[in-house]
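Undergrad: First residue of the first sequence? That's 2 in the numbering used here, and the numbers climb one at a time after it.
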Amino acid sequence: MSISLYNSLTRRIQPFSPLDPRRVTMYLCGPTVYNYVHIGNARGPVVFDVLARLLRRHYPQVVYARNITDVDDKINAAALEQGVPISAITDRFAAAYREDMAGLGIGPPDIEPHATAHIGEIVAMIQSLIAGGHAYAAEGHVLFNVDAYPAYGALSGRDTEELIAGARVEIAPYKQNPADFVLWKPSTPELPGWDSPWGRGRPGWHIECSAMSAAHLGETIDIHAGGIDLLFPHHENEIAQSTCAHGGKMFARWWMHNGMLTFDGRKMSKSLGNVLLVRELLRRHPPEALRLLLLRGHYRQPLDWSDSAIAQAISTLDGWYRVLRDLAAVALPAGPLPVPARLEAALCDDLNTPQALAELAVLADAARQHGSAEGKAELLGGGALLGLLQQDPQAWFQRGGDEVDGERVERLLEERRAARAARDFARADAIRSELTAMGVAIEDSAQGTRWSAAKT
RNA sequence: GGCCAGGUGGCAGAGUGGUCAUGCAGCGGCCUGCAAAGCCGCGUACGCCGGUUCGAUUCCGACCUUGGCCUCCA
2 MSISLYNSLT
12 RRIQPFSPLD
22 PRRVTMYLCG
32 PTVYNYVHIG
42 NARGPVVFDV
52 LARLLRRHYP
62 QVVYARNITD
72 VDDKINAAAL
82 EQGVPISAIT
92 DRFAAAYRED
102 MAGLGIGPPD
112 IEPHATAHIG
122 EIVAMIQSLI
132 AGGHAYAAEG
142 HVLFNVDAYP
152 AYGALSGRDT
162 EELIAGARVE
172 IAPYKQNPAD
182 FVLWKPSTPE
192 LPGWDSPWGR
202 GRPGWHIECS
212 AMSAAHLGET
222 IDIHAGGIDL
232 LFPHHENEIA
242 QSTCAHGGKM
252 FARWWMHNGM
262 LTFDGRKMSK
272 SLGNVLLVRE
282 LLRRHPPEAL
292 RLLLLRGHYR
302 QPLDWSDSAI
312 AQAISTLDGW
322 YRVLRDLAAV
332 ALPAGPLPVP
342 ARLEAALCDD
352 LNTPQALAEL
362 AVLADAARQH
372 GSAEGKAELL
382 GGGALLGLLQ
392 QDPQAWFQRG
402 GDEVDGERVE
412 RLLEERRAAR
422 AARDFARADA
432 IRSELTAMGV
442 AIEDSAQGTR
452 WSAAKT
């Protein structure tokens, strides 16, 4: 089954094939670690985690890099404000980021490069850009010269003329062309900085991704991914730098961009202040429902976040886990879990996760009706490719159980069983009400009464 | 203003030139002491106006409208 992926560069879906069929290289723009990430920041990591899972099935090796940007003016501002070295900020939030991503069921990347560990590569890349006439030093800064790269704007569909006309920022006097962007900037003594041929300074925003991508994945990579809001200027600038630094070699063969997560119809963003932290959501809701929610829309479309959407995701998972719970005693066939063809086909079609989830629903139905080991295996196998349905059903249904006194529940259930046996239904219903008040839902079945204490 | 992506049933959200999305919610029935779950069934969805076509939600054009980028941003 071949994979087709939309390429922002060509604006069309193309059959995917890596440069080296034995080794796929993929880079995702990671966070700048100066505070906790919000759920919008997690969409790309979740979506591209599914892509990584899919690619690993198709190719012998996938090298997936997701960077940490740990040098940046916002980090500096936070460090100055708190009177601590920047590493105190970046270490803390990089660790928090890993925890948050793991909480959403995202597998760790193969490589997690840090910008500060690549200053040498960054300086070298800037030197080669200057040597090639693609960059120039001015007043302690080094700037990329967009006029020296005629293809500038190809990714975002802009030309430099219109960029200048529409520029809403004040243009620094040392720029030759207003669209030129900073590769290196000088640091004052209180700011972090590294020695360089242009004095003590620090890298500009875009250069670190170019340097780290080349250092770990090579000069030409297969897939470069990120949020659509990074398409310009970040990715446009990365292309310009990398291409010019590597003698015109293509930088990334596929550019993939996830749509924005919205909240009340507006982009969730720190500057608008309408953010929900992943950390907070993980504490309040079942993590798997959050992941499911992020996969319920096609990755290129906007996706609106809401409490009712979370509730829907939980209900959906309730149904699927109910099937798995009913099949708990059914032994799985030996060997690895199968991957259902229709579900995989949906993912191969430009990562159509909504379609894949529809297929998963069909598989859940089939498993419930047939009660077979094969059905169970297919449901689990399909779920695994999406990073869903891998926990113990019992754990899913009793995830709020920390606050519930299990022994008391069992005692009440036994009492209710006796009342029902004596046909004292008034008493039985009173006990059920009591359990409901405790946040415990019950379900009578041929195998006895089940209970669940699930948080929303 | 420029560039880009959308507007699908109560909600979410795929998809297609001509019988099925899917999930959640709702309604009717079966089952159940009653619930819950399960099972069976139900609801004339494709922004608006033209055009192409035997036939358009799906293709083309105009219009209305929502959002993203053009500044930090996943």
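Yeah, the Cβ is synthetic: ideal placement off N, Cα and C, and Gly gets one too.
Suppose you measure from the CA of SER270 to the CA of ALA447; what does that come to, to the nearest Å?
TA: Position 269 of the first sequence, counting from 1, holds the residue named residue 270. Position 446 of the first sequence, counting from 1, holds the residue named residue 447. When rounded, the distance between both Cα atoms is 50 Å.
Undergrad: Determine the extent of the beta strand (DSSP E) in which VAL25 is found, giving its start and end residues.
TA: Taking the first sequence and counting its residues from 1, one reaches residue 25 at position 24. Unbroken beta strand (DSSP E) run through VAL25: 24 to 29.
Undergrad: Which residue marks the beginning of the alpha helix (DSSP H) containing PHE233, and which one marks its end?
TA: One-based indexing of the first sequence puts residue 233 at position 232. Careful: PHE233 lies outside any alpha helix (DSSP H) and carries neither H nor E.
Undergrad: Tell me whether SER453 sits in a helix, a strand or coil according to DSSP, three-state version.
TA: Against the first sequence, residue 453 aligns to sequence position 452. SER453: strand per DSSP, three-state reduction.
Undergrad: Report buried or exposed for PHE49, applying the criterion of at least 16 other Cβ atoms within 10 angstroms of its Cβ.
TA: Taking the first residue of the first sequence as position 1, residue 49 is located at position 48. The residue in question, PHE49, is buried, as its Cβ has 16 or more Cβ neighbours within 10 Å.
Undergrad: Return the Cβ separation of PRO339 and ALA374 in integer angstroms, given the expectation that the two are a contact with Cβ distance under 8 Å.
TA: Sequence index remark: in the first sequence, residue 339 carries index 338 (1-based). Sequence index remark: in the first sequence, residue 374 carries index 373 (1-based). That pair is no contact at about 11 Å.
Undergrad: Can you grab the Cα-Cα spacing for the pair ALA97 / LEU81, in whole Å?
TA: Here the question's residue 97 lines up with position 96 in the first sequence. Here the question's residue 81 lines up with position 80 in the first sequence. Between ALA97 and LEU81, the C-alpha separation is close to 20 Å.
Undergrad: I need the DSSP call for LEU338, collapsed to helix, strand or coil.
TA: The count along the first sequence starts at 1 and reaches residue 338 at position 337. Note: LEU338 maps to coil in three-state DSSP.
Undergrad: Tell me which same chain residues have a C-beta within less than 6 Å of the C-beta of PRO46, skipping the five on either side of it?
TA: Working through the first sequence from its first residue, we reach residue 46 at position 45. The answer, listed in chain order, is MET102, ILE107.
Undergrad: Taking the alpha carbon of LEU364 as the point to measure from, which residue in LEU352, CYS349, ARG343 has its own alpha carbon closest?
TA: To locate residue 364, count along the first sequence from 1; it is residue 363. Out of LEU352, CYS349, ARG343, ARG343 has the C-alpha closest to the C-alpha of LEU364.
Undergrad: For a quick check, are the C-beta atoms of LEU184 and VAL143 less than 7 Å apart?
TA: In the first sequence, counting from the first residue as 1, residue 184 sits at position 183. In the first sequence, counting from the first residue as 1, residue 143 sits at position 142. Yes, they are a contact pair.
Undergrad: Curious, which full-length beta strand (DSSP E) runs of at least 3 residues does the region 265 to 342 contain?
TA: For the region 265 to 342, whole beta strand (DSSP E) runs of length 3 or above, ordered along the chain, are 304 to 306.
Undergrad: Tell me the rounded alpha-carbon separation between PHE426 and ALA420.
TA: Translated into positions along the first sequence, residue 426 becomes position 425. Translated into positions along the first sequence, residue 420 becomes position 419. Distance between the alpha carbons of PHE426 and ALA420 is about 7 Å.
Undergrad: Relative to the C-alpha of TYR150, which residue among SER243, GLY194, SER18 is closest?
TA: Position 149 of the first sequence holds residue 150. Considering only alpha carbons, the answer is SER243.
Undergrad: Examine the Cβ distances between the region 54 to 62 and the region 235 to 251 and report whether three or more of them are shorter than 8 Å.
TA: These segments do not touch.
Undergrad: In whole angstroms, what separates the C-alpha of GLU360 from that of THR33?
TA: By 1-based counting over the first sequence, the position of residue 360 is 359. By 1-based counting over the first sequence, the position of residue 33 is 32. Going from the Cα of GLU360 to the Cα of THR33 covers about 36 Å.
Undergrad: Check GLN399 in the structure and name its three-state DSSP category.
TA: The sequence position of residue 399 within the first sequence is 398, counting from 1. GLN399 falls in the coil class under three-state DSSP.
Undergrad: Here's a check: name, in chain order, each residue in its chain whose Cβ is nearer than 6 Å to the Cβ of ALA429, leaving out the five neighbours to either side.
TA: Here residue 429 is taken as the residue at index 428 of the first sequence, counted from 1. Taken in chain order, the residues that qualify are ARG417, ALA420, ARG421.
Undergrad: Counting pairs of beta carbons, one from the region 276 to 295 and one from the region 303 to 321, are three or more of them closer than 8 Å?
TA: Yes: the two stretches touch, three or more of their Cβ pairs being nearer than 8 Å.
Undergrad: Would you report the Cα separation of ALA455 and VAL279, rounded to the nearest angstrom?
TA: Counting from one through the first sequence, the residue named residue 455 turns up at place 454. Counting from one through the first sequence, the residue named residue 279 turns up at place 278. Spanning the two alpha carbons is a distance of roughly 20 Å.
Undergrad: Quick one: Cα of LEU386 to Cα of ASN8, how far?
TA: The count along the first sequence starts at 1 and reaches residue 386 at position 385. The count along the first sequence starts at 1 and reaches residue 8 at position 7. Those two C-alpha atoms are separated by around 22 Å.
Undergrad: Below 8 Å on the Cβ atoms is my contact criterion, and I expect ILE40 with LEU282 to pass it. Report the Cβ-Cβ distance as a whole number of Å.
TA: One-based indexing of the first sequence puts residue 40 at position 39. One-based indexing of the first sequence puts residue 282 at position 281. That belief holds up - the Cβ atoms of ILE40 and LEU282 are roughly 6 Å apart, short of 8 Å.
Undergrad: Taking LEU390 as the reference, give the member of VAL324, ILE224, LEU273, GLN62 with the closest Cα.
TA: As a first step, residue 390 must be located in the first sequence, where it is residue number 389. Selected option, being the one with the closest Cα: VAL324.
Undergrad: Should the region 243 to 252 be regarded as contacting the region 215 to 233, the criterion being three or more beta carbon pairs within less than 8 Å?
TA: A contact exists between the region 243 to 252 and the region 215 to 233.
Undergrad: Please classify ALA368: is it buried, with 16 or more other beta-carbons within 10 angstroms of its beta-carbon, or exposed?
TA: Counting from one through the first sequence, the residue named residue 368 turns up at place 367. Classification for ALA368: buried.
Undergrad: How far does the beta strand (DSSP E) with ASP1 in it reach, from first residue to last?
TA: Residue numbering for the chain in the displayed model covers 2 to 457; residue 1 lies beyond these limits and cannot be assessed.
Undergrad: Classify SER197 as buried or exposed, calling it buried when 16 or more other Cβ atoms lie within 10 Å of its own Cβ.
TA: Counted from its first residue, the first sequence places residue 197 at position 196. By the neighbour-count rule (16 or more Cβ atoms within 10 Å), SER197 is buried.
Undergrad: For the beta strand (DSSP E) containing HIS258, name the first residue and the last one.
TA: Counting from one through the first sequence, the residue named residue 258 turns up at place 257. From DSSP, the beta strand (DSSP E) with HIS258 extends over 253 to 259.
Undergrad: Give the secondary structure of GLY167 by DSSP, where H, G and I count as helix, E and B as strand, and everything else as coil.
TA: If you number the first sequence from 1, residue 167 lands on position 166. Its pLDDT being 48, under 50, GLY167 is placed unreliably in this model, and the value from its coordinates should be taken loosely. Reduced to three states, the DSSP call for GLY167 is helix.
Undergrad: How close, in whole Å, do the beta carbons of ALA226 and LEU29 come, if the pair is a contact with beta carbons under 8 Å?
TA: The count along the first sequence starts at 1 and reaches residue 226 at position 225. The count along the first sequence starts at 1 and reaches residue 29 at position 28. At roughly 5 Å, the Cβ-Cβ gap stays under 8 Å, so ALA226 and LEU29 are in contact.
Undergrad: Hey, how far is the Cα of THR91 from the Cα of ASN36?
TA: On the first sequence, position 90 is the one that residue 91 refers to. On the first sequence, position 35 is the one that residue 36 refers to. If I take the Cα positions, the gap works out to 9 Å.
Undergrad: Give me the Cα-Cα distance between ILE208 and ALA180, rounded to the nearest whole angstrom.
TA: As a working note, residue 208 is residue 207 in the first sequence. As a working note, residue 180 is residue 179 in the first sequence. Taking the straight line joining both Cα atoms gives about 16 Å.
Undergrad: Tell me, to the nearest whole angstrom, how far the beta carbon of ALA213 is from that of ALA116; I am working on the premise that it is less than 8 Å.
TA: As a first step, residue 213 must be located in the first sequence, where it is residue number 212. As a first step, residue 116 must be located in the first sequence, where it is residue number 115. Rather than Ala, the amino acid found at residue 213 in this sequence is Met. About 7 Å separates the two Cβ atoms, so the contact holds.
Undergrad: Can you tell me which of ILE224, ILE127, ASP403, GLY202 puts its alpha carbon nearest to the alpha carbon of CYS245?
TA: As a first step, residue 245 must be located in the first sequence, where it is residue number 244. Nearest C-alpha to CYS245: ILE127.
Undergrad: Three-state secondary structure (DSSP) at SER9?
TA: Walking along the first sequence from the start, residue 9 turns up at place 8. SER9: coil per DSSP, three-state reduction.
Undergrad: Could you pull out every residue in the same chain whose Cβ sits closer than 7 Å to the Cβ of LYS75, ignoring the five residues on either side in sequence?
TA: Here residue 75 refers to the residue found at position 74 when the first sequence is read from its first residue. Counting only Cβ-Cβ distances below 7 Å, and skipping sequence neighbours, we find THR33, TYR35.
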